[in-house]
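The next block holds one structure in the form of structure tokens; read it before the comments.
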Amino acid sequence: MREITPWNPITSSMQRIGLVRRNVGRFLQTLRAGRQRDGALMRGIVESSSEAILTISDDFVVEMANPAAEAIFDAGDDDLVGRPLKQLFPFFQSPGSLERYLGQGYRTVEMEGRRLDGSGFPLEATFDTMTIEGACHYVVVARDVTERHAQQKLMEYLALHDNLTGLPNRALLMDRLEHAITASRRANQPLALLLLDLDRFKEINDTLGHSVGDSLLAEVGTILSEPLRASDTVARLGGDEFAILLPSVSGLTQARDIADRVADELARPFPVEGITVEVGVSIGLALYPDHGGDASELMRGADVAMYVAKRNHMTVSVYDEGKDHHSVRNLSLSGELRQAMDADELALFYQPQVDVATGKLVGAEALLRWDHPRHGLVSPEEFVQLAEQTGLIRPLTCWVIEKSLKQLTSWQERGMDIGLSINLSPRNLHEDGLAESISEKMGKRELRPELLTLELTENAIMTDPERALTAIRKLKECGVRLAIDDFGTGYSSLAYLKALPVDELKIDKSFVMHMGDDSNDEVIVRSTIDLAHNLGLSVVAEGVESELHLQTLRGLGCDIGQGFHIGRPLRIEEFHQWAKNFKTISSGAGGIVHIHPGARSRGRAKGIPK
Ligand code: C2E
Ligand code: MG
Ligand code: MG
Numbered sequence: 003m004r005e006i007t008p009w010n011p012i013t014s015s016m017q018r019i020g021l022v023r024r025n026v027g028r029f030l031q032t033l034r035a036g037r038q039r040d041g042a043l044m045r046g047i048v049e050s051s052s053e054a055i056l057t058i059s060d061d062f063v064v065e066m067a068n069p070a071a072e073a074i075f076d077a078g079d080d081d082l083v084g085r086p087l088k089q090l091f092p093f094f095q096s097p098g099s100l101e102r103y104l105g106q107g108y109r110t111v112e113m114e115g116r117r118l119d120g121s122g123f124p125l126e127a128t129f130d131t132m133t134i135e136g137a138c139h140y141v142v143v144a145r146d147v148t149e150r151h152a153q154q155k156l157m158e159y160l161a162l163h164d165n166l167t168g169l170p171n172r173a174l175l176m177d178r179l180e181h182a183i184t185a186s187r188r189a190n191q192p193l194a195l196l197l198l199d200l201d202r203f204k205e206i207n208d209t210l211g212h213s214v215g216d217s218l219l220a221e222v223g224t225i226l227s228e229p230l231r232a233s234d235t236v237a238r239l240g241g242d243e244f245a246i247l248l249p250s251v252s253g254l255t256q257a258r259d260i261a262d263r264v265a266d267e268l269a270r271p272f273p274v275e276g277i278t279v280e281v282g283v284s285i286g287l288a289l290y291p292d293h294g295g296d297a298s299e300l301m302r303g304a305d306v307a308m309y310v311a312k313r314n315h316m317t318v319s320v321y322d323e324g325k326d327h328h329s330v331r332n333l334s335l336s337g338e339l340r341q342a343m344d345a346d347e348l349a350l351f352y353q354p355q356v357d358v359a360t361g362k363l364v365g366a367e368a369l370l371r372w373d374h375p376r377h378g379l380v381s382p383e384e385f386v387q388l389a390e391q392t393g394l395i396r397p398l399t400c401w402v403i404e405k406s407l408k409q410l411t412s413w414q415e416r417g418m419d420i421g422l423s424i425n426l427s428p429r430n431l432h433e434d435g436l437a438e439s440i441s442e443k444m445g446k447r448e449l450r451p452e453l454l455t456l457e458l459t460e461n462a463i464m465t466d467p468e469r470a471l472t473a474i475r476k477l478k479e480c481g482v483r484l485a486i487d488d489f490g491t492g493y494s495s496l497a498y499l500k501a502l503p504v505d506e507l508k509i510d511k512s513f514v515m516h517m518g519d520d521s522n523d524e525v526i527v528r529s530t531i532d533l534a535h536n537l538g539l540s541v542v543a544e545g546v547e548s549e550l551h552l553q554t555l556r557g558l559g560c561d562i563g564q565g566f567h568i569g570r571p572l573r574i575e576e577f578h579q580w581a582k583n584f585k586t587i588s589s590g591a592g593g594i595v596h597i598h599p600g601a602r603s604r605g606r607a608k609g610i611p612k
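The numbering used here numbers the first residue of the sequence shown as 3 and each following residue consecutively.
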């Protein structure tokens with residue numbers, strides 16, 4: 003069977019050149035043999051060939067050129083005859099160079115051709131020698147490959163650029179980054195890499211349509227390029243992610259200044275297809291050599307920094323090893339986390355929550371700990387994120403739910419009618435079957451669903467509010483209570499807040515803890531309490547670290563308090579011991595007062611409609 007090879011412009015043109023060369027050889031041989039009829043035929047072939055054909059004498063002067071040769075060198079009739087080879091083929095400057103070239107075995111080659119007006123163009127030529135009646139002749143078959151070059155350049159361009167913005171793509175950025183690192187190493191000068199992620203792109207894309215989204219990305223590309231030097235590279239990595247390579251900076255301060263300037267440029271509203279849009283940006287910054295020794299390390303560093311910026315709603319974040327959840331310790335931790343669940347190394351700690359008005363214990367928050375055999379107690383801040391990144395969050399949350407429900411059952415059996423709050427990860431909202439599984443587990447234990455509160459951080463809800471709303475509604479249908487955790491640290495929109503079927507707002511500890519020394523924080527706490535009550539929600543204040551905090555919260559009408567002043571997160575036995583000894587905080591009443599969890603919803607108890 004004949005093998006069919008795909009068409010390839012280079013091999014195909016080489017085959018054609020080979021064919022023409024053989025014909026020219028036959029032509030010259032025919033002339034020598036004096037066979038006039040064949041000679042005329044061959045001359046016809048050469049004359050009509052689309053390939054340029056020239057014969058060169060042994061003193062490197064053109065002896066004969068066909069019309070195609072005259073066309074590519076932009077010469078008139080017989081204008082090429084008598085011209086030195088080097089005028090048309092500047093590569094062969096010295097007389098011996100063509101011979102040396104052929105001696106090295108080169109036949110077909112791409113080189114520069116020069117037209118009679120002196121302009122250059124790329125050509126592909128095959129050189130060969132022929133001895134006729136003792137004299138050496140060179141035969142050249144050539145063709146102009148300008149178009150092919152343009153096509154190759156276009157293909158290269160397309161492979162290395164993003165076609166929406168025309169900016170370099172990831173492959174070209176990596177290539178430039180590698181070169182820049184080599185140059186930096188030699189010059190002993192730092193370079194900076196910025197990774198940028200637009201903040202509201204998805205929202206704009208979804209609301210205003212993909213055409214506006216595309217125009218916006220193109221406009222962002224222009225805005226990013228404007229304040230930079232020509233030697234800097236702005237690249238689009240995909241979606242709404244861009245990168246900026248600053249191949250020489252004096253240090254972190256300068257790189258940060260540039261990052262701030264870029265963020266300022268993007269913070270300004272700008273027109274896209276007649277609509278004024280506003281996008282923010284989160285920028286991660288990594289510096290060579292401080293944050294990475296090669297291109298991939300630097301990319302990863304900038305990516306981690308960008309993730310930190312995004313999470314914390316900062317515009318610019320500089321890579322910090324401590325926040326790198328892929329650091330060596332974390333890598334080994336992620337491998338061990340799964341085993342830890344089986345090996346019973348995880349534990350729930352319980353932090354008491356008290357009614358601020360009466361000072362009585364009303365519930366607890368279950369906080370996860372990893373009792374690591376080598377590292378001791380590992381904070382959930384360190385491994386929950388790991389679990390999110392490695393897909394372990396689902397079994398981890400299942401474990402927490404199971405353990406918490408078991409604990410609630412045990413409290414019910416002991417006559418302790420207190421509620422328990424657990425934390426859900428944003429990832430849990432994307433899981434199918436979470437609500438059903440909670441419902442089924444509570445039903446089996448015959449637990450009243452309102453004893454369980456599920457906490458979701460503000461960021462978890464606001465990252466994808468529509469999806470969160472659907473998931474939250476489903477959870478609410480199980481009858482459990484829902485709380486927004488760390489309220490005040492994200493960008494909750496009041497419109498969404500109103501639409502969410504939540505029962506509780508937990509004011510982030512960072513506001514509560516600083517109420518005494520920052521009057522703004524007290525204003526925030528006061529307004530949040532008012533807002534929550536007006537929406538029919540009860541308020542939990544985290545971070546109650548002093549008696550003053552508690553008194554202030556009482557004055558502001560806060561419902562529930564939680565913090566080190568009341569009690570730290572404790573192992574279950576310690577929690578029971580604490581509860582046994584606990585009277586009431588800042589109140590004269592004695593003993594634990596077991597109150598109905600309904601009392602936790604003070605906001606609603608005041609008769610404010612939801
Ligand atoms: P969170 O839900 O906001 O929990 C409150 C955090 O504040 C706890 O940190 C608690 O120990 C700490 N805290 C409580 N009172 C005070 C105080 O008065 N002062 C100060 N400075 N801190 C106080 P922890 O236990 O390290 O947990 C950190 C975060 O990890 C939690 O924040 C929660 O978001 C997450 N987390 C904890 N357990 C779980 C879990 O089971 N699943 C998930 N997905 N996340 C969890
Ligand atoms: Mg919480
Ligand atoms: Mg919190």
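Where is the CB? At the ideal position from N, CA and C, for every residue including glycine.
Inset, instruction - Return the CA-CA distance between Phe577 and Gly240, expressed in angstroms with no decimal places. - result: 50 Å
Legend entry - Own chain, CB closer than 6 Å to Ile74, minus 5 neighbours either side, in chain order: Ala54, Asp146
Inset, instruction - Verify the contact flag: Gly545, CB atom, against every heavy atom of ligand 1, threshold strictly below 7 Å. - result: yes
Inset, instruction - Leaving aside the five residues before and after Pro124 along the sequence, list all residues of the same chain whose C-beta is less than 7 Å from its C-beta, in chain order. - result: Glu112, Glu114, Val147, Thr148, His151
Inset, instruction - Would you grab the beta carbon distance between Leu87 and Ala71 for me? Rounded to a whole angstrom, and I think it's under 8 Å. - result: Their Cβ separation, rounded to whole angstroms, is 12 Å, which puts Leu87 and Ala71 out of contact at 8 Å.
Inset, instruction - Locate the beta strand (DSSP E) running through Tyr290, then write down its first and last residues. - result: Residues 283–290.
Legend entry - Spatial distance of Pro354 from Gly563 (CA atoms): 9 Å
Inset, instruction - Assuming Leu456 contacts Leu477 (C-beta within less than 8 Å), just tell me the rounded distance between them. - result: Going by Cβ atoms, the distance from Leu456 to Leu477 rounds to 6 Å, so yes, they are a contact pair.
Inset, instruction - With a threshold of 16 other CB atoms inside 10 Å of the CB of Glu383, please say whether the residue is buried or exposed. - result: exposed
Inset, instruction - Quick one: grab the DSSP three-state call for Pro273. - result: strand
Inset, instruction - If I'm right that Leu166 touches Asp216 with Cβ under 8 Å, what's the distance once you round it to whole angstroms? - result: 6 Å
Inset, instruction - Could you check how far apart the C-beta atoms of Phe62 and Leu100 are, in whole angstroms? I think they sit under 8 Å. - result: 7 Å
Legend entry - Reference Leu410, options Val306, Leu436, Leu350, Asp357, closest by Cα: Leu350
Inset, instruction - Run the CB neighbour count on Asp434, radius 10 Å, all protein chains shown included, and call it buried at 16 or more, exposed below. - result: exposed
Inset, instruction - Would you check whether ligand 3 has a heavy atom nearer than 7 Å to the C-beta of Lys508? - result: yes
Legend entry - Test item: CB-CB of Ile424 and Ile403 under 8 Å: yes
Legend entry - heavy atom of ligand 1 below 7 Å from Gly565 C-beta: yes
Legend entry - Those residues which DSSP pairs with Arg187 across a bridge: According to DSSP, Arg187 bridges with nothing at all.
Legend entry - Collapsed DSSP secondary structure at Ala591 in the structure displayed: Residue placement at Ala591 is flagged as unreliable, the pLDDT there being 38, under the threshold of 50; a coordinate-derived value is accordingly withheld.
Inset, instruction - Taking Lys508 as part of the beta strand (DSSP E), name the residues at either end of that continuous run. - result: 506–509
Legend entry - Any residue whose CB is nearer than 6 Å to a heavy atom belonging to ligand 2, listed in chain order: Glu367, Asn425, Glu457, Asp487
Inset, instruction - List the whole-angstrom C-beta distance separating Val541 from Leu507, where the pair is believed to meet the contact cut-off of C-beta under 8 Å. - result: About 5 Å; that satisfies the 8 Å criterion.
Legend entry - Close Cβ partners of Phe94 (< 6 Å) along its chain, the five nearest in sequence each way excluded: Leu87, Lys88, Leu100
Inset, instruction - Please report how far the alpha carbon of Met44 lies from the alpha carbon of Ser52, in whole angstroms. - result: 14 Å
Inset, instruction - Note down the Cα distance separating Ala485 from Pro170, rounded to an integer number of angstroms. - result: Pairing Ala485 with Pro170, the inter-Cα distance amounts to about 45 Å.
Legend entry - Cβ-based neighbour list, Arg573, same chain, cut-off 7 Å, excluding 5 preceding and 5 following: If the five residues before and after Arg573 are omitted, its C-beta is found closer than 7 Å to the C-beta atoms of Ala349, Phe351, all from its own chain and listed in chain order.
Legend entry - Nearest candidate by alpha-carbon position, reference Leu552, set Glu228, Gly78, Gly569: Gly569
Inset, instruction - Compare the Cα-Cα distances from Arg219 to each of Arg258, Glu275, Asp262 and report the closest residue. - result: It should be pointed out that residue 219 corresponds to Leu in this sequence rather than to Arg. Of the candidates Arg258, Glu275, Asp262, the one whose C-alpha sits nearest the C-alpha of Leu219 is Glu275.
Inset, instruction - Helix, strand or coil for Ile562, going by three-state DSSP, please let me know. - result: Per DSSP, reduced to three states, the secondary structure at Ile562 is strand.
Legend entry - Ala591 versus Ala581 - alpha carbon distance: Note on Ala591: pLDDT 38, under 50, position unreliable in the model; the coordinate value appears next. If I take the Cα positions, the gap works out to 14 Å.
Legend entry - Rounded straight-line distance, which links the Cα of Gly545 to that of Ile594: Residue confidence is low: Ile594 scores 34 on pLDDT, short of 50, so the model does not pin down where it sits. Its coordinate-derived value is still stated next. Answer to the nearest angstrom: the Cα atoms are 22 Å apart.
Legend entry - Leu533: first and last residue of the uninterrupted alpha helix (DSSP H) it sits in: Per DSSP, Leu533 belongs to the alpha helix (DSSP H) from 521–536.
Inset, instruction - Please report the residue range of the alpha helix (DSSP H) in which Gly223 lies. - result: 212–227
Legend entry - Test: His293 CB closer than 8 Å to a CB of chain D: Absent here is chain D; the protein component of the structure consists of one chain.
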